[in-house]
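A.B. asks: Protein chains in written order, with my numbering: chain A, 1 to 435; chain B, 436 to 908. We put the beta carbon where it would ideally sit given N, CA and C, even for glycine. Below you will find the structure I want to go over with you.
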């Protein structure tokens, strides 16, 4: 393959890159500066609590996806398999373990600090539990706090569930965090952080909803994963995150008003031929190649479920400074992978209609149960409810062995041609009927 | 001027071409084995389809004569077969040159001379045999590829020599056939058809009055039509001369074309003349059977379960493009393992009294399992029954993933020619989706992708066609 030309970047992307660089530098100096480090996961993360206690968060699955993008994951996964992890285990886990076995060097080349606390507030994915059991073995004696998030079995969040979670936070999670941090939680600071979080969430929703415009000024999947970064990780609640989303929203609104199409690493999309809703995480090892197939074929992703793993804000949820623990509980329970299948199907149906999508595509991830289970059912259901063509491709998160460029390209080409033929022939039919 | 549309399906195992007219009727079919040089494979398939189209136009023009006199029909089918022999002759001479070249490159001295001697013996032996098959046994209608025909005869001759010659002669063969196959041979239709008419005249002139005096008569049976034609050969031949000249000179205008199949990106077509084989198979199957809602295509290297709507448009599909143990190539591999030809597999499996369970989920390991089962005393037909059923079980799982079977169900792809596959498919579809499902299998099932391609070409005239000129032969 030819060397790709240098990727085109928007200003907001440059800002985000700086934010991340600063964070990793801070992390590499954490021990020297006496900062405590918390390992935690993106879905259902309690970042505001961590920051209010002056600790630094590390997100292992973000490190894994970064390793995937930097072409390091293949080696890490092999090293994890060497010590006994099976071929079928989640590749984020193996990539993360492999990275730790290799000195825990983060995406910027700086070493990541060992955890002082493993904070598990997992939602939907039970692998998270096993992941941290393994990390505990790698870091013997590390403090552990676990917040149990009830699954939305019946499709609603009940008061009992909220009370159950608030009780855990109050009686177990926060005291443990305070113990590790060596200080009491400052509720005023938490109030400020949650207030900032809600502001950023408002702007994030506006960014997402800009894709309702035809043509869409953003790609809600490939670019969406960048846009969602600050909100889903170490920055939610910070002033920097608020500034980032102000800038992003400004850029996106400008593009929308000018009728411009999404910016991609290959340049601005020349045309919006197809509007798609995508379910499932992207592949990270061949992210740019994967994106380019869509770029080449003129397909814009107008909504995706993956950008809701860190919170489904566009359906109304906001962090509430005046009800800090309750809103954190609701946040955890409302993340995408904590929704039951009918809720997920409803959400996708809503996206297809609201965002005027031509098609629905699933990227089924070999090693991700929390996403892949039920996807074929979703496909059938959406096809029947919305009457649009559905497509199905298979890859993996960070295991390069499961990304077959030729197979994926062949299926996507077929899928896009399917959409195109449909447009042409249905238009001809309509003409015949009218004529 | 009549307008024609071309679809080329460059599959992993075979390359197919179909030409249709403005009414979506198939008027030409061509098929060849896919080889390293995709472009040559596509050219050969296209050329054959164009020749075939000329013959079918001839038959259409002579519809009345043919209906009235069976001798006309016989003349044209004989001519078509002999015409194919004329092409074969050119190709085998090219192959002969390659064989000699290889001989010079790999051997010297005494050994070279020995090899050349033996190659001459082989050539002398196989040429008349193949000529006989074309002229008297209608080999031309059997859709066999040049490579297969020659390799079978070559192997027969090599087996007659001393064992020590086997290795070097097979090496010469392997090195030469690839080179010969990957070179384009240009034919002049008019020239070839004239030669074919002359050869046909010779055949009938020399045909003895009595059947028992037929030359090399061992395999030919008495052919009433042949003798009917013999009596009137000169009259018919002369009355047809003008009509044949007419179709040889017919300007064959390909208005638009579509390339599909795995090799489609390598076809010398503009980008918007390239279509996915999923759409083409579905469109072709739907055109032939308009009530089709579910299509199963088992090709050489993939299996596709496709759902279509009332317009023949794909609404969803599932593909097995990772595991060969559900594709045509699996059967090819098993045939090799059992040292029988691909065509013999199905009939042998039909003799099964039970189906031996095959557990292997891998084509390569199925070979080992096959030997193990044979050692355990299982009968070949029963093992083959199990293997055929295993392919269909995989296909059924793919169909279920794509949404199940809706009425009507159409089976396409080269594998649809295998009667045992059809037997198990029918059985399992009915078991799983009810007895009322109508199952369609067309004799042209292998051409469905190319047909769909040609139909897309007819519907989408928007491309300017830099390569359209190339398609007139």
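Compare the C-beta of residue 838 (chain B) with all C-beta atoms of chain A and state if any pair is closer than 9 Å.
C.D. replies: Against the second chain, residue 838 (chain B) aligns to sequence position 403. Cβ-Cβ to chain A under 9 Å: yes for residue 838 (chain B).
A.B. asks: Quick check: does the Cβ of residue 271 (chain A) come within less than 8 Å of any heavy atom belonging to the ligand SAH?
C.D. replies: The ligand SAH is absent from the structure shown, which contains no ligands of any kind.
A.B. asks: Closest by CA to residue 356 (chain A), which one among A:45, A:257, A:403 and A:275?
C.D. replies: Translated into the one-based positions of the first chain, residue 356 (chain A) becomes position 356. Among A:45, A:257, A:403 and A:275, the Cα nearest to that of residue 356 (chain A) belongs to A:275.
A.B. asks: Can you give me the Cβ contacts of residue 314 (chain A) inside the same chain, cut-off strictly under 8 Å, excluding the 5 residues immediately before and after it?
C.D. replies: Translated into the one-based positions of the first chain, residue 314 (chain A) becomes position 314. Answer for residue 314 (chain A): 205, 208, 209 and 308, listed in chain order.
A.B. asks: Among B:726, B:591 and B:510, which one has its Cα closest to the Cα of residue 669 (chain B)?
C.D. replies: For this step, residue 669 (chain B) is matched to residue 234 along the second chain. Looking at the Cα atoms, B:510 is the closest of the given residues.
A.B. asks: Please report how far the alpha carbon of residue 35 (chain A) lies from the alpha carbon of residue 54 (chain A), in whole angstroms.
C.D. replies: Mapped onto the first chain, residue 35 (chain A) falls at position 35. Mapped onto the first chain, residue 54 (chain A) falls at position 54. If you take the alpha carbons of residue 35 (chain A) and residue 54 (chain A), they lie about 8 Å apart.
A.B. asks: Thinking C-alpha only, which one of A:21, A:421, A:46 and A:113 is nearest residue 747 (chain B)?
C.D. replies: Along the second chain, one-based indexing puts residue 747 (chain B) at 312. Checked all of A:21, A:421, A:46 and A:113; the closest Cα to residue 747 (chain B) is A:421.
A.B. asks: Is the CB-CB distance between residue 303 (chain A) and residue 414 (chain A) below 9 Å?
C.D. replies: As a position in the first chain, residue 303 (chain A) is number 303, starting the count at 1. As a position in the first chain, residue 414 (chain A) is number 414, starting the count at 1. Cβ atoms of residue 303 (chain A) and residue 414 (chain A): not closer than 9 Å.
A.B. asks: Roughly how many angstroms lie between the CA atoms of residue 814 (chain B) and residue 310 (chain A), to the nearest whole one?
C.D. replies: As a first step, residue 814 (chain B) must be located in the second chain, where it is residue number 379. As a first step, residue 310 (chain A) must be located in the first chain, where it is residue number 310. Rounded to whole angstroms, residue 814 (chain B) to residue 310 (chain A) spans 59 Å at the Cα level.
A.B. asks: Do residue 390 (chain A) and residue 751 (chain B) count as a contact pair if the criterion is CB distance below 9 Å?
C.D. replies: For the purposes of this step, residue 751 (chain B) is identified with residue 316 of the second chain, where counting begins at 1. For the purposes of this step, residue 390 (chain A) is identified with residue 390 of the first chain, where counting begins at 1. Yes; because the gap between Cβ atoms is below 9 Å, this pair is in contact.
A.B. asks: Does residue 458 (chain B) come out as helix, strand or coil in the three-state DSSP assignment?
C.D. replies: Against the second chain, residue 458 (chain B) aligns to sequence position 23. DSSP places residue 458 (chain B) in coil when its eight states are reduced to three.
A.B. asks: Please confirm whether residue 399 (chain A) and residue 74 (chain A) have their CB atoms less than 9 Å apart.
C.D. replies: Indexing the first chain from 1 puts residue 399 (chain A) at position 399. Indexing the first chain from 1 puts residue 74 (chain A) at position 74. Cβ distance < 9 Å, so residue 399 (chain A) and residue 74 (chain A) count as in contact.
A.B. asks: Should residue 22 (chain A) go down as buried or exposed, given a rule of 16 or more other Cβ atoms within 10 Å for buried?
C.D. replies: As a first step, residue 22 (chain A) is located in the first chain; it is residue number 22 there, counting from the start. Residue 22 (chain A) is exposed by the Cβ-count criterion.
A.B. asks: Check whether the segment 497-511 of chain B touches the segment 586-595 of chain B, taking contact to mean three or more Cβ pairs, one atom from each stretch, closer than 8 Å.
C.D. replies: Contact fails: fewer than three Cβ-Cβ distances are below 8 Å.
A.B. asks: On the three-state DSSP scale, how would you describe residue 690 (chain B)?
C.D. replies: Looking up residue 690 (chain B) in the second chain gives position 255. Three-state DSSP puts residue 690 (chain B) in a strand.
A.B. asks: With distances taken between CB atoms, is the gap from residue 397 (chain A) to residue 64 (chain A) smaller than 9 Å?
C.D. replies: The residue you call residue 397 (chain A) lines up with position 397 of the first chain. The residue you call residue 64 (chain A) lines up with position 64 of the first chain. A contact, by the Cβ cut-off of 9 Å.
A.B. asks: Quick check: what's the CA-CA separation for residue 651 (chain B) versus residue 638 (chain B)?
C.D. replies: Looking up residue 651 (chain B) in the second chain gives position 216. Looking up residue 638 (chain B) in the second chain gives position 203. Note on residue 651 (chain B): pLDDT 47, under 50, position unreliable in the model; the coordinate value appears next. Rounded to the nearest angstrom, the two C-alpha atoms are 13 Å apart.
A.B. asks: Once the 5 residues before and after residue 85 (chain A) are set aside, which same chain residues still bring their CB inside 6 Å of it?
C.D. replies: Position 85 of the first chain, counted from the start, is the residue given in the question as residue 85 (chain A). 94.
A.B. asks: Am I right that residue 524 (chain B) and residue 561 (chain B) are in contact with their C-beta atoms under 8 Å? What's the rounded C-beta distance?
C.D. replies: As a first step, residue 524 (chain B) is located in the second chain; it is residue number 89 there, counting from the start. As a first step, residue 561 (chain B) is located in the second chain; it is residue number 126 there, counting from the start. With a Cβ gap of about 12 Å, residue 524 (chain B) and residue 561 (chain B) do not count as contacting.
A.B. asks: As a quick exercise: from A:263, A:161 and A:425, pick the residue whose alpha carbon is nearest that of residue 327 (chain A).
C.D. replies: The residue labelled residue 327 (chain A) in the question sits at position 327 within the first chain. Minimum Cα distance to residue 327 (chain A) is reached at A:161.
A.B. asks: Buried or exposed: where does residue 906 (chain B) fall if 16 or more other Cβ atoms within 10 Å of its Cβ makes it buried?
C.D. replies: On the second chain, residue 906 (chain B) is found 471 positions in, with the first residue counted as 1. Only weak support is given to the placement of residue 906 (chain B): the predicted model assigns it a pLDDT of 38, under 50, and the value that follows is read from those uncertain coordinates. So residue 906 (chain B) ends up on the buried side.
A.B. asks: Roughly how many whole angstroms lie between the Cα atoms of residue 682 (chain B) and residue 618 (chain B)?
C.D. replies: Within the second chain, the letter at position 247 stands for residue 682 (chain B). Within the second chain, the letter at position 183 stands for residue 618 (chain B). Approximately 27 Å, taken between the alpha carbons.
A.B. asks: What is the DSSP secondary structure of residue 168 (chain A), reduced to helix, strand or coil?
C.D. replies: As a working mapping, residue 168 (chain A) is identified with position 168 in the first chain. Looking at residue 168 (chain A) - three-state DSSP - the assignment turns out to be helix.
A.B. asks: So what's residue 449 (chain B) in DSSP terms, helix, strand or just coil?
C.D. replies: Numbered from 1 along the second chain, position 14 holds the residue referred to as residue 449 (chain B). Correct three-state label for residue 449 (chain B): strand.
A.B. asks: Within a Cβ cutoff of 7 Å, which residues of the same chain sit near residue 534 (chain B), ignoring the five residues on either side of it in sequence?
C.D. replies: Sequence index remark: in the second chain, residue 534 (chain B) carries index 99 (1-based). Contacts found: 554, 607 and 611.
A.B. asks: Buried or exposed: which applies to residue 259 (chain A), given that a residue is buried once 16 or more other Cβ atoms fall within 10 Å of its Cβ?
C.D. replies: Against the first chain, residue 259 (chain A) aligns to sequence position 259. By the 10 Å Cβ count, residue 259 (chain A) comes out exposed.
A.B. asks: Measuring only between beta-carbons, confirm whether residue 413 (chain A) sits less than 9 Å from chain B.
C.D. replies: Taking the first residue of the first chain as 1, we reach residue 413 (chain A) at position 413. Yes, residue 413 (chain A) lies at the interface with chain B (some Cβ there is under 9 Å from its Cβ).
A.B. asks: What residue range is occupied by the uninterrupted beta strand (DSSP E) comprising residue 275 (chain A)?
C.D. replies: Residue mapping note: residue 275 (chain A) aligns to position 275 of the first chain, counting from 1. 274-279 is the span of the beta strand (DSSP E), which, as asked, contains residue 275 (chain A).
A.B. asks: Output needed for residue 483 (chain B): all residues of its chain with C-beta closer than 6 Å, excluding positions within five of it in sequence on either side, in chain order.
C.D. replies: Position 48 of the second chain, counting from 1, holds the residue named residue 483 (chain B). The answer, listed in chain order, is 465.
A.B. asks: Compute the beta-carbon to beta-carbon distance between residue 191 (chain A) and residue 321 (chain A), rounded to the nearest angstrom, for a pair I have assumed lies under 8 Å.
C.D. replies: As a working note, residue 191 (chain A) is residue 191 in the first chain. As a working note, residue 321 (chain A) is residue 321 in the first chain. Right, their Cβ atoms sit about 5 Å apart.
A.B. asks: Just how far apart, CA to CA, sit residue 99 (chain A) and residue 267 (chain A)?
C.D. replies: If you number the first chain from 1, residue 99 (chain A) lands on position 99. If you number the first chain from 1, residue 267 (chain A) lands on position 267. Each residue's alpha carbon lies about 33 Å from the other.
A.B. asks: Does any residue of chain B bring its CB to less than 9 Å from the CB of residue 410 (chain A)?
C.D. replies: By one-based count along the first chain, residue 410 (chain A) stands at place 410. For residue 410 (chain A), the answer is yes, since a Cβ of chain B falls inside 9 Å of its Cβ.
A.B. asks: Could you tell me the alpha carbon to alpha carbon distance between residue 15 (chain A) and residue 277 (chain A), rounded to whole angstroms?
C.D. replies: To locate residue 15 (chain A), count along the first chain from 1; it is residue 15. To locate residue 277 (chain A), count along the first chain from 1; it is residue 277. Cα-Cα distance, rounded: 28 Å.
A.B. asks: Between which two residues does the beta strand (DSSP E) holding residue 437 (chain B) run?
C.D. replies: Taking the first residue of the second chain as 1, we reach residue 437 (chain B) at position 2. That residue, residue 437 (chain B), is in no beta strand (DSSP E); it is neither H nor E in DSSP.
A.B. asks: So, for residue 497 (chain B): in the same chain, excluding its five sequence neighbours on each side, which residues have a beta-carbon less than 8 Å away from its beta-carbon?
C.D. replies: By one-based count along the second chain, residue 497 (chain B) stands at place 62. Correct list, in chain order: 507, 511, 675 and 678.
A.B. asks: For residue 654 (chain B), which residues in the same chain have their Cβ closer than 7 Å to its Cβ, ignoring the five residues on either side in sequence?
C.D. replies: Walking along the second chain from the start, residue 654 (chain B) turns up at place 219. With a pLDDT of 43 at residue 654 (chain B), under the threshold of 50, the modelled position of this residue cannot be trusted; read the value that follows with caution. Only 572 meet the Cβ criterion.
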